[in-house]
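Sequence order for the protein chains is L and W. So the mapping is simple: this note's numbering equals the position in the first sequence, first residue as 1, plus 4. So the mapping is simple: this note's numbering equals the position in the second sequence, first residue as 1, plus 4. Every residue gets a Cβ at the ideal spot worked out from N, C-alpha and C, and that includes glycine.
2 protein chains.
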Amino acid sequence: MNKNIPEIYDLIQELSWRFGNHGFNGECCGDLSLIEFMTLKKIDECKEITIQEIGNAINFTKSGASKIIDRLESKGYAIRADSPVDGRLCCVLTTEKGRETLSGIVKQYTLNLNNILREIEPQEVDQIRESLTILVDALQRYKEG
Amino acid sequence: MNKNIPEIYDLIQELSWRFGNHGFNGECCGDLSLIEFMTLKKIDECKEITIQEIGNAINFTKSGASKIIDRLESKGYAIRADSPVDGRLCCVLTTEKGRETLSGIVKQYTLNLNNILREIEPQEVDQIRESLTILVDALQRYKEG
DNA sequence: TAAAAATAGTTGACGACGGAAACCATCCGC
DNA sequence: GCGGATGGTTTCCGTCGTCAACTATTTTTA
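See the structure below:
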């Protein structure tokens, strides 16, 4: 095992914690919980996605996914539409309001991050981006096979 | 703003999500939730810590913190002890079983991470460690002032 | 082609979990 | 030594996700 792994594990854990639901002083994503936010983001990325797929994407049961959509729908951020090809399926879409909220949250987070990294040298910031890319890609590959 | 910030934000979010409570197929930390695990870790690092301090550390109310300790205590991973200096205070400590469980979880996570990074070049792994260190340090400084 | 099985989604009951506030015990300033 | 402050616990409550039962639609099969 590479000697750096334990330390990397620890660093990732710390990072995840601070960016998770309890970091940022509990202030997460406006009127969305972290899960609602990630779900909305997923819906927006996919343009159109079924309840089942949402459940798989966020590791929830279809029942749990359905209730998250209930909440997003009641806040006006997403809507359910009938599938034209299969009457059982339910296509979930983001609304314009949902997209605006999403980009507002991203903007806020990005500003925060910019403050956090304010004093870091540009070439180091570049290195951080590269490293994270490698890391996330490796995770993706690992997940897929 | 540095051009890389939005992408870095996105990468961190992705990373956090996968290492958070819902990543790893919901398999988090044995019989501990992520919060219980982080709390136990914090207790172990501090050797001895009050309920209030735990609450601050994990962004919970003292009430919530007290209940987490209830759970950790019922599982045999932590114990409450009276403070010798102040009768109101409650010193929380890890038990031997708690420490074993903690290190077991860390070992498991570390092995997973090793698999994930198996195909990454050593010098890249080194770069990842460096980058994450810079990032976490920056977060720490930001939090402190 | 009609019945049976499979699949997608919803709903209701339930348990787990944190927060708010009231409460208790202990400590500190006067 | 009394009154306020502080740390912790407890009770009540709202939120949330799962399980299992149910409905509706589609696919399989005999």
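Opposing strand residues paired with residue i [DSSP bridges]
| i | result |
| --- | --- |
| W/L36 | W/C33 |
| L/C95 | L/A85 |
| L/I53 | L/V96 |
Rounded straight-line distance, which links the Cα of residue j to that of residue i
| i | j | result |
| --- | --- | --- |
| W/I58 | W/E52 | 10 Å |
| L/W21 | W/S20 | 7 Å |
| W/S70 | W/I124 | 42 Å |
| L/I9 | L/D90 | 47 Å |
| W/E40 | W/D74 | 10 Å |
| L/T43 | L/L117 | 22 Å |
| L/R92 | W/N119 | 39 Å |
| L/G104 | L/A142 | For the record, residue 104 of chain L in the displayed sequence is Glu; it is not Gly. Taking the straight line from one Cα to the other gives about 31 Å. |
| W/K147 | W/Q112 | 30 Å |
| W/C50 | W/G149 | 22 Å |
| W/N63 | L/S78 | 28 Å |
| W/M5 | L/E134 | 18 Å |
Candidates the options: closest to residue i by CA position
| i | options | result |
| --- | --- | --- |
| W/C33 | W/I109, W/N8, W/R122 and W/A82 | W/I109 |
| W/I47 | W/N118, W/L139, W/V89 and W/L106 | W/L106 |
| W/E11 | L/E148, L/K147 and L/I138 | L/I138 |
| L/Y13 | W/I132, W/G149, W/E148 and W/R145 | W/I132 |
| L/Q56 | L/G68, L/E49 and L/K45 | L/G68 |
| W/K7 | L/Y146, L/Q127 and L/G149 | L/Q127 |
Contact set for residue i: own chain, Cβ-Cβ below 8 Å, skip 5 residues either direction
| i | result |
| --- | --- |
| L/C95 | E52, I53, T54, R84, A85, D86 and S87 |
| L/G80 | T99, K101 and G102 |
| L/A82 | L44, I47, I73, L76, V96, L97, T98, T99 and G102 |
Cβ neighbours of residue i in the same chain (closer than 6 Å, five flanking residues each side left out)
| i | result |
| --- | --- |
| L/L38 | N25 and C32 |
| L/A61 | K46 |
| W/T114 | none |
Beta-carbon contacts of residue i that lie in its chain and below 7 Å, excluding the five residues immediately before and after
| i | result |
| --- | --- |
| W/T65 | G59 |
Within 8 Å, strictly: CB atoms of residue i and residue j
| i | j | result |
| --- | --- | --- |
| L/V129 | L/L136 | no |
| W/V140 | L/L36 | no |
| L/F23 | W/Q144 | no |
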